[in-house]
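K.L.:
Structure incoming, see below.
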Amino acid sequence: MPQLSSKITDALNLQINRELSAAYSYLAMSAWADTQNLAGAASWLRQQWQEELGHATKLIDYMAERDGKIVLSAIPQPTATFSSLLNLFESVLAQEKAVTEAIYGIYDLAVEEKDYAAQGLLQWYVNEQVEEENSASEIISLLKIGGGEGSGLLMVDRQLASRSGGQ
Ligand code: OFO
Numbered sequence: 240m241p242q243l244s245s246k247i248t249d250a251l252n253l254q255i256n257r258e259l260s261a262a263y264s265y266l267a268m269s270a271w272a273d274t275q276n277l278a279g280a281a282s283w284l285r286q287q288w289q290e291e292l293g294h295a296t297k298l299i300d301y302m303a304e305r306d307g308k309i310v311l312s313a314i315p316q317p318t319a320t321f322s323s324l325l326n327l328f329e330s331v332l333a334q335e336k337a338v339t340e341a342i343y344g345i346y347d348l349a350v351e352e353k354d355y356a357a358q359g360l361l362q363w364y365v366n367e368q369v370e371e372e373n374s375a376s377e378i379i380s381l382l383k384i385g386g387g388e389g390s391g392l393l394m395v396d397r398q399l400a401s402r403s404g405g406q
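Structure below.
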């Protein structure tokens, strides 16, 4: 297996930072949900935090396998306050869309560089992003249907509490 090119190494290092930034952001979101007594949302977001850590680790492990130089850079301070749970999940969707775009960019690079192995890895992230965007969109729809407050909000919070597993 050829060593990773320097362009793909840089792009994957940047992606590790994005995944860790996403993780940090979900952790801040979870803390905010806790302050609002939205235990289900807080738990959902905490699971998402772990999922993002898994995404970063998967990239780190892959780079190690291909002898790429791993560089961990600073993670920006995440947004910590939201006007509502709907506002929070709109931020989630925007964040996931930005991650999807970034993954597509790295995939394009892997195609350009004829790095077929990296394309295989990135395909996993392409599929994962479909799920990520879809779950955020579904929660946004539920919040909109339920009015995003009172019993509608509690119903969504209870549904979020039932999340289990993930990758
Ligand atoms: Fe890593 O999937 Fe969200 O960001």
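The opening position of the sequence shown corresponds to residue 240 in my numbering, with each subsequent residue numbered one higher. Beta carbons are placed, not taken as given, at the ideal position from N, Cα and C, and that holds for glycine. For clarity, every value in this text was computed on a predicted model and none was experimentally measured.
#1: What did DSSP end up calling T339 once you bin it into helix, strand or coil?
#2: Please return the same chain residues whose Cβ sits closer than 7 Å to the Cβ of Y301, not counting the five positions on each side in sequence.
#3: Between which two residues does the alpha helix (DSSP H) carrying V310 extend?
#4: I need the straight-line Cα distance from I379 to D249, nearest angstrom please.
#5: How is K383 classed by DSSP in three states: helix, strand or coil?
#6: Taking 8 Å as the threshold (C-beta atoms), are L392 and L324 in contact?
#7: Between V338 and ligand 1, is there a pair consisting of the residue's CB and a ligand heavy atom that are separated by less than 7 Å?
#8: For A400, tell me which candidate among S244, G279 and I247 has the shortest Cα-Cα distance.
#9: Let's test the definition: count the other Cβ atoms within 10 Å of the Cβ of V395 and tell me whether it reaches 16, buried, or not, exposed.
#10: Which value, in whole angstroms, describes the spacing of the CA atoms of G307 and G389?
#11: Alpha carbon to alpha carbon, how far is T274 from T318?
#12: Hey, could you find the ends of the alpha helix (DSSP H) S260 is sitting in?
P.N.:
Reading off the structure:
#1: Mapped onto the sequence shown, residue 339 falls at position 100. Here T339 sits in helix by DSSP.
#2: Numbered from its first residue, the sequence shown carries residue 301 at position 62. Cβ within range, chain order: L360.
#3: Here residue 310 is taken as the residue at index 71 of the sequence shown, counted from 1. Per DSSP, V310 belongs to no alpha helix (DSSP H) and is neither H nor E.
#4: As a working mapping, residue 379 is identified with position 140 in the sequence shown. As a working mapping, residue 249 is identified with position 10 in the sequence shown. I379 and D249: Cα-Cα distance of roughly 34 Å.
#5: In the sequence shown, the residue the question calls residue 383 occupies position 144. Correct three-state label for K383: helix.
#6: For the purposes of this step, residue 324 is identified with residue 85 of the sequence shown, where counting begins at 1. For the purposes of this step, residue 392 is identified with residue 153 of the sequence shown, where counting begins at 1. In contact: L324 and L392 (Cβ atoms closer than 8 Å).
#7: The residue given as residue 338 occupies position 99 in the sequence shown. V338: yes, Cβ under 7 Å from ligand 1.
#8: Here the question's residue 400 lines up with position 161 in the sequence shown. Checking every option, the nearest Cα to that of A400 belongs to G279.
#9: Numbered from its first residue, the sequence shown carries residue 395 at position 156. Looking at its Cβ environment, which holds 16 or more other Cβ atoms inside 10 Å, V395 is buried.
#10: On the sequence shown, residue 307 is found 68 positions in, with the first residue counted as 1. On the sequence shown, residue 389 is found 150 positions in, with the first residue counted as 1. Those two C-alpha atoms are separated by around 51 Å.
#11: The residue labelled residue 274 in the question sits at position 35 within the sequence shown. The residue labelled residue 318 in the question sits at position 79 within the sequence shown. Cα-Cα distance, rounded: 15 Å.
#12: Within the sequence shown, numbered from 1, the residue matching residue 260 stands at position 21. Residues S245 to T274.
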